[in-house]
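Beneath this line is the structure, given in structure tokens, with notes to follow.
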Amino acid sequence: MIRHRALEKVDTSVPVTVTTDRTLRIKVIDSCGMTCNFCHNEGTAVSVDNRRRSPGPYSGSGASGRVSIYAATNGARFLSAPILPTGEFQNCLDRLRESMGFNEVHLTGGEPTLHPRLPALITVTRQAGYRVSITSNGENGERVLTDCAKAGLGHINFSIFGTTPQELALVQHARFRTSGLASGKINALDRSIRLATDLGLESRANIVLPNRKHVDRVRRLLDKYTPALSVRVLSSLADGQESLDAIDQLINDLGAELESVGLIAGTSGFRMNYRLPGGRPLTVKHIRPTRLPVTCSGCRFNNSTDCEESYYGIRLYRDTSGTFQVGICIQRMDLCLPVEEFLGSDIREEVIRLRTTDHDHLTRSISPGVT
Ligand code: SF4
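Here the sequence shown is numbered in the numbering used here, starting from 607 and rising by one per residue.
Okay, structure coming up:
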């Protein structure tokens with residue numbers, strides 16, 4: 607049976623859907639206008655702070671005030687550079703779609719809306735046959751989202767790091783911890799969210815719930831934005847039980863009813879979909895302890911506390927020499943391989959195999975109600 611506290615509580619009459627991971631995450635730029643003190647920066651070191659250092663170990667913090675929490679320990683051997691909308695990028699997308707069965711791309715950063723050619727990147731990705739979504743902190747959406755929507759952006763996840771200037775300032779580097787700066791960022795986020803919903807983009811607010819003290823933040827979010835913005839609460843692995851208890855409290859306080867569960871074979875993330883008394887949906891995203899059987903077995907982080915994200919899926923980077931690199935874990939960037947090497951490797955086979963075995967395991971473990 608699947609061992610996960612959230613799943614163990616699922617009423618078997620609730621529909622459970624098992625799909626298969628087909629999403630490729632792509633880091634398109636390293637720049638970001640925020641300095642959040644928990645940022646993993648997709649596993650890469652902050653480029654601007656490390657450009658004069660020779661490859662690894664990189665520093666996890668520097669003069670910019672930004673951090674990359676795994677950079678000093680994850681064995682990264684390259685810094686990331688912006689991805690450009692070139693034929694080479696399109697070729698990469700084609701090769702990865704054909705050999706890995708991806709059909710969706712998720713653009714990340716840094717902050718992807720700071721990429722000056724983001725609409726062109728979306729166009730190339732759409733032409734390569736993918737659906738496209740992005741994760742954004744909202745600081746620059748007002749300038750670029752209209753063109754992104756025209757280029758075919760389908761979905762945007764807004765990361766909410768604070769619902770008030772004081773909350774946001776608390777998680778920024780000390781030098782930038784002023785409520786004036788934080789107000790500016792929150793106002794920009796508000797404008798981006800309004801624009802995205804006006805444009806008809808599927809928009810979602812992602813908010814991490816580390817403990818019970820943060821429960822009111824979610825209430826403020828629900829009050830502040832229209833139901834056109836769906837809200838997704840993320841459990842915090844670093845906070846373990848405290849985070850899961852806070853989610854339980856939120857669900858109880860709101861009187862939310864579990865409607866369905868969405869499991870994704872071949873990746874650790876899964877979703878529990880609730881309905882609030884007024885009819886508004888609320889999603890909670892959890893992490894299952896998923897591992898690549900061979901690669902993870904030799905990993906020094908392979909235990910219930912150090913492996914923080916579990917196996918989450920494939921990421922694509924472009925390094926400063928122009929080589930496209932495939933990553934399988936932000937805590938083990940030493941496992942990154944250039945695209946062609948990855949496609950001929952045992953790890954690629956292992957990723958494909960995991961999707962199948964995990965799908966079989968999930969459909970056998972959770973029934974009836976599985977579709
Ligand atoms: S997912 Fe695998 S490779 Fe990554 S930290 Fe966990 S055990 Fe290690």
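For every residue, glycine included, the Cβ atom is placed at its ideal position computed from N, Cα and C.
(message) Once the 5 residues before and after residue 759 are set aside, which same chain residues still bring their CB inside 6 Å of it?
(response) Same-chain partners within the cutoff: 728 and 738.
(message) Whether or not the region 853 to 864 and the region 878 to 896 are in contact is what I'm after, with contact meaning three or more pairs of Cβ atoms, one per stretch, closer than 8 Å; do they touch?
(response) The region 878 to 896 vs the region 853 to 864: in contact.
(request) Verify the contact flag: residue 948, CB atom, against every heavy atom of the ligand SF4, threshold strictly below 7 Å. (result) Not a single heavy atom of the ligand SF4 lies less than 7 Å from the C-beta of residue 948.
(request) Provide the residue span of the alpha helix (DSSP H) that contains residue 846, from first to last. (result) 846 to 860 is the extent of the alpha helix (DSSP H) around residue 846.
(message) Tell me the DSSP secondary structure of residue 607 in three-state form.
(response) Unreliable placement is indicated for residue 607, whose pLDDT of 39 sits below 50; the coordinate value is still reported in the next sentence. Assignment of residue 607 by DSSP, reduced to helix, strand and coil, places it in the coil class.
(message) Excluding the 5 residues flanking residue 676 on each side, which residues of the same chain have their C-beta closer than 7 Å to its C-beta?
(response) These residues qualify, in order along the chain: 646, 649, 936 and 937.
(request) Keeping to the same chain, check which residues put their C-beta closer than 6 Å to that of residue 750; ignore five residues upstream and five downstream. (result) Residues of the same chain with a CB within less than 6 Å of the CB of residue 750, apart from the 5 flanking positions on each side, are 719 and 724 in chain order.
(message) Could you give the first and the last residue of the continuous alpha helix (DSSP H) run that contains residue 986?
(response) Residue 986 is absent from the model: the chain starts at 607 and stops at 977.
(request) List in chain order the residues whose CB is within less than 5 Å of at least one heavy atom of the ligand SF4. (result) Every residue with a CB closer than 5 Å to a heavy atom of the ligand SF4 is listed here in chain order: 902, 905, 907, 908, 913, 917, 935, 937 and 938.
(request) Using a threshold of 8 Å, state whether the C-beta atoms of residue 812 and residue 795 are closer than that. (result) Between residue 812 and residue 795, the C-beta gap is not smaller than 8 Å, which leaves the two residues out of contact.
(request) Would you kindly report the start and end of the unbroken alpha helix (DSSP H) that includes residue 963? (result) Looking at the DSSP string, the run of the alpha helix (DSSP H) that includes residue 963 is 952 to 971.
(request) For residue 923, write down the residues that DSSP places opposite it in a beta bridge. (result) BP columns for residue 923 point to 931.
(message) Just to confirm the assignment, what range does the beta strand (DSSP E) spanning residue 877 have?
(response) Here the beta strand (DSSP E) through residue 877 covers 875 to 881.
(request) Using a threshold of 8 Å, state whether the C-beta atoms of residue 684 and residue 628 are closer than that. (result) With contacts defined as CB atoms closer than 8 Å, residue 684 and residue 628 fail to qualify as a contacting pair.
(message) For a test of the three-state rule: what should DSSP assign to residue 915, helix, strand or coil?
(response) DSSP places residue 915 in coil when its eight states are reduced to three.
(message) Just to confirm before moving on: does the CB-CB distance between residue 626 and residue 961 stay below 8 Å?
(response) Taking the C-beta atoms as reference points, residue 961 is found nearer than 8 Å to residue 626.
(message) According to DSSP, is residue 868 part of a helix, a strand, or is it coil?
(response) In this structure, residue 868 counts as strand in the three-state DSSP scheme.
(message) Helix, strand or coil, according to DSSP, for residue 717 in the structure here?
(response) In this structure, residue 717 counts as coil in the three-state DSSP scheme.
(message) Report the CB separation of residue 778 from residue 640 in whole angstroms; it is logged as a contact under 8 Å.
(response) With 8 Å as the limit, residue 778 and residue 640 qualify as a contact, their Cβ atoms being about 7 Å apart.
(message) Counting beta carbon pairs with one atom in the region 895 to 909 and one in the region 651 to 668, are three or more of them shorter than 8 Å?
(response) No: the two stretches stay apart, fewer than three of their Cβ pairs being nearer than 8 Å.
(message) DSSP three-state label for residue 578, please.
(response) The chain is shown only over 607 to 977; residue 578 falls outside these bounds and no answer can be derived.
(message) Rounding to the nearest angstrom, what Cα-Cα distance links residue 722 and residue 633 in this structure?
(response) The alpha-carbon atoms of residue 722 and residue 633 are separated by roughly 14 Å.
(request) Name, in chain order, the residues that DSSP records as bridge partners for residue 733. (result) According to the DSSP secondary-structure assignment, residue 733 is paired through a beta bridge with no residue.
(message) Less than 8 Å between the C-beta atoms of residue 726 and residue 699, yes or no?
(response) No; because the gap between Cβ atoms is not below 8 Å, this pair is not in contact.
(request) Report the rounded CA-to-CA distance for residue 888 versus residue 660, giving the unit in angstroms. (result) Distance between the alpha carbons of residue 888 and residue 660 is about 46 Å.
(request) Report buried or exposed for residue 931, applying the criterion of at least 16 other Cβ atoms within 10 angstroms of its Cβ. (result) It counts as buried.
(request) Go ahead and pull the three-state DSSP assignment for residue 745. (result) Reduced to three states, the DSSP call for residue 745 is coil.
(request) Please name the residue, chosen from 944, 637 and 642, that lies closest to residue 782 on a Cα-to-Cα basis. (result) When 944, 637 and 642 are compared, the shortest CA-CA separation from residue 782 is found for 642.
(request) Please determine, among 743, 788, 807 and 959, the residue with the shortest C-alpha to C-alpha distance to residue 757. (result) Residue 757 has its Cα closest to that of 807, out of 743, 788, 807 and 959.
(request) Could you check which residue in 805, 744, 752 and 903 has the C-alpha nearest to that of residue 766? (result) Closest option to residue 766, Cα to Cα, is 744.
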